[in-house]
Amino acid sequence: MSQIIMQYFNLMKEDYSKYGLSVIQFIQIGKFYELWHEPDVPCIQQTYSQAELLAESGLPVGGSLGVTPPIEQVASLLDMRIISPGKRSLLQMGFPIYSLTTYLSILLDKGWTIIVIDELVTGKSGPKQRAVSQIYSPSCNIEDCSELSYVISVYFKDDLLGVTLFSAMNGHSVMFPVYREDRDKVARLLISYRIKEVIIWVDSGADPGVLNKIYGLLIGWNLFPSEPNAKVEVMSSPCYLS
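Start counting the sequence shown at 24; every next residue gets the next number (my numbering).
Have a look at this one:
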């Protein structure tokens, strides 16, 4: 495997650990951005229906629904073709650099976090050097500030809840505690905000049923799929949802 491919997938592992499952990585190759996928590498995520995820009996081993690789999801969204050049098993898709802004809004609206790796201008001969230049997330798209987007962070410990709303567009933030008797009122408050991302903070010693409590809370606040057949992707350690 070439050095550039190794760099790409090593960075991808770091991205998953930082941002969870809904992350894609575009790398600059000349005048194009490309997205790569290794079909022979096992997926780190499992896909379940919402009903299975909330089942008290626990998740079925191996997952019951098929996992669609990110490259296939992105190709479908952008109406692009995936190729496998040469004899390598590597799958690729790409587009001209100038098209990035156009595709950003489509991908961010679908909940993807996008990492952009650009070539560095060093003035030196030899192999191109590359580094992460931009990170876009659904609540932070610096290319489009036409509407304020927010990330909601929920701190969850026993019966204590702390909520923070933050917009990276203008730095506006709101913080407040939520008492048990007021939890149903939060949904009405959140209607006023365009929430694009959710971050959950849970005490490390939380009981095993805490995830179901969190899901129930988010469903009540219209921040998690209420449809039992909705597909939810899960990465077990640490636990990320998509």
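Even for Gly, the Cβ is constructed at its ideal location relative to N, Cα and C.
Please read these numbers as outputs of a predicted model, since none were measured by experiment.
Look up residue i in the DSSP assignment and say whether it is helix, strand or coil.
{"i": "glutamate 57", "result": "strand"}
{"i": "arginine 153", "result": "strand"}
{"i": "proline 161", "result": "coil"}
{"i": "threonine 91", "result": "coil"}
{"i": "tyrosine 42", "result": "helix"}
{"i": "methionine 35", "result": "helix"}
{"i": "isoleucine 220", "result": "It is glutamate, not isoleucine, that sits at residue 220 in the sequence shown. Of the three classes helix, strand and coil, the one that applies to glutamate 220 here is strand, per DSSP."}
{"i": "valine 177", "result": "strand"}
{"i": "glycine 194", "result": "coil"}
{"i": "valine 64", "result": "coil"}
{"i": "tyrosine 263", "result": "Bear in mind that the predicted position of tyrosine 263 carries a pLDDT of just 45, short of 50, making it unreliable; the figure below should be weighed with that in mind. Tyrosine 263 falls in the strand class under three-state DSSP."}
{"i": "leucine 123", "result": "helix"}
{"i": "leucine 114", "result": "strand"}
{"i": "isoleucine 237", "result": "helix"}
{"i": "isoleucine 28", "result": "helix"}
Is the beta carbon of residue j closer than 8 Å to that of residue i?
{"i": "valine 209", "j": "valine 186", "result": "yes"}
{"i": "isoleucine 138", "j": "valine 177", "result": "no"}
{"i": "glutamine 115", "j": "isoleucine 105", "result": "yes"}
{"i": "tyrosine 31", "j": "isoleucine 47", "result": "no"}
{"i": "glycine 117", "j": "leucine 44", "result": "no"}
{"i": "leucine 171", "j": "serine 148", "result": "no"}
{"i": "histidine 60", "j": "isoleucine 94", "result": "yes"}
{"i": "valine 221", "j": "leucine 240", "result": "no"}
{"i": "lysine 219", "j": "serine 162", "result": "yes"}
Where do the N-terminal and C-terminal ends of the beta strand (DSSP E) with residue i fall, by residue?
{"i": "threonine 187", "result": "183-189"}
{"i": "threonine 136", "result": "136-142"}
{"i": "isoleucine 17", "result": "Outside the displayed range of the chain (24 to 265) lies residue 17, so it cannot be described from this structure."}
Would you say residue i lies against chain D (beta-carbon separation less than 8 Å)?
{"i": "isoleucine 214", "result": "In the displayed structure, chain D is absent; only one protein chain is listed."}
Of the residues the options, which one's Cα is nearest the Cα of residue i?
{"i": "serine 196", "options": "Glu204, Asp205 and Tyr173", "result": "Tyr173"}
{"i": "phenylalanine 179", "options": "Leu100, Val225 and Ile28", "result": "Val225"}
{"i": "tryptophan 135", "options": "Leu100, Lys36, Val201 and Leu246", "result": "Leu100"}
{"i": "leucine 213", "options": "Ile175, Tyr238, Asp182 and Arg203", "result": "Ile175"}
{"i": "glutamate 204", "options": "Leu183, Ala191, Gly194 and Gln157", "result": "Leu183"}
{"i": "tyrosine 56", "options": "Leu246, Glu142 and Val233", "result": "Glu142"}
{"i": "valine 97", "options": "Asp38, Pro108 and Leu131", "result": "Leu131"}
{"i": "aspartate 63", "options": "Leu113, Gly53 and Ile52", "result": "Leu113"}
{"i": "arginine 206", "options": "Ile140, Tyr216, Asn245 and Asn193", "result": "Asn245"}
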